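*Asks:* In my numbering, the protein residues as written are 86 to 301. Backbone N, C-alpha and C fix where the C-beta goes; we use that ideal spot for every residue, glycine too. Here the structure is a predicted model, which is why all the values come from computation and not from measurement.
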Amino acid sequence: MGEVHRIGKGGRRKVVLVSTGRKRILLHSCCGPCSTVVVERLLDQWQPVMFFYGPNIQPEQEYLRRLEAARKVAAEMGVPLVEAEYDPEEWNRAVGHLAQLPEGSERCRECFRLRMMRTAVEAARLCFDAFSATLSVSRHKSSRMVIDVGRQVQQLTAVPFLDTDFKKRGGYERSVELSRRFGLYRQDYCGCLPSLREAEQRRSRRRNGDARQRRG
Numbered sequence: 086m087g088e089v090h091r092i093g094k095g096g097r098r099k100v101v102l103v104s105t106g107r108k109r110i111l112l113h114s115c116c117g118p119c120s121t122v123v124v125e126r127l128l129d130q131w132q133p134v135m136f137f138y139g140p141n142i143q144p145e146q147e148y149l150r151r152l153e154a155a156r157k158v159a160a161e162m163g164v165p166l167v168e169a170e171y172d173p174e175e176w177n178r179a180v181g182h183l184a185q186l187p188e189g190s191e192r193c194r195e196c197f198r199l200r201m202m203r204t205a206v207e208a209a210r211l212c213f214d215a216f217s218a219t220l221s222v223s224r225h226k227s228s229r230m231v232i233d234v235g236r237q238v239q240q241l242t243a244v245p246f247l248d249t250d251f252k253k254r255g256g257y258e259r260s261v262e263l264s265r266r267f268g269l270y271r272q273d274y275c276g277c278l279p280s281l282r283e284a285e286q287r288r289s290r291r292r293n294g295d296a297r298q299r300r301g
């Protein structure tokens, strides 16, 4: 287990997985840290397979750091990882017109839709029983929005969506604990360039606040 499969646009490569007798679920992995607790919980009843598809993540160097963290989670937890192609232009076409909106707005909703729709399509192609996403783990993401989008994608694709709020029952805190245990890279912004600019603004405000306190 922990093997890596790479697929391109249109899913040209077939992924062959050894059955464990449990239902198979394709889990969209937004990053390694959020994947830890979700995989841990799913292993009780499912055969989870991580799916790393992140056209929202920029710059490319950041994408590669997060991909490596996802690979590490897959290896540490003994689950397969399916890697999609990296094409930030997909995000620009689908979400770019909303780039001026703040985090938590329709910008995020459409970004969730883009990634979960691709996950559901791959789940159907690979004959999985369901799909889900790690997005609800983050304290900065609306679990209600994630679940609403997942249910809409389920209606459009007829692929069952596991609509669990993984933030509950200390999900975020457990993800931090497991990330430290595995030595994972933990990012400080969601992934898209607008969220990077927002994070830089927050850091700047904190620095300015610290400077004022020192002067005071």
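(1) Is Q286 helix, strand or coil when you go by DSSP?
(2) Bridge partners for I110 per DSSP, in chain order?
(3) Under the criterion of a Cβ to heavy atom distance below 8 Å, does G163 qualify as lining the ligand HEM?
(4) Is T242 closer than 9 Å to V123 when the C-beta atoms are compared?
(5) Compute the distance between the beta-carbons of E175 and P118, then report whether it is under 9 Å.
(6) In the DSSP output, which residue or residues are listed as bridge partners for F246?
(7) If the criterion is Cβ atoms closer than 9 Å, does the pair I142 and P173 meet it?
(8) In whole angstroms, give me the CA-to-CA distance for G235 and R200.
(9) Please classify K253 as buried or exposed, where buried requires at least 16 other C-beta atoms within 10 Å of its C-beta.
(10) Reducing DSSP to helix, strand and coil, say where E188 ends up.
(11) Return the first residue and the last residue of the beta strand (DSSP E) that R91 is part of.
(12) Can you check DSSP and say which residues form a bridge with V167?
(13) Taking M135 and V167 to be in contact with their CB atoms under 8 Å, please state how far apart those CB atoms are, rounded to whole angstroms.
*Replies:* By the coordinates alone:
(1) helix
(2) P133, A215
(3) Within the structure as shown, the ligand HEM is missing, as the structure has no ligands at all.
(4) no
(5) no
(6) F216
(7) yes
(8) 10 Å
(9) exposed
(10) coil
(11) 89 to 91
(12) H90, F136
(13) 7 Å
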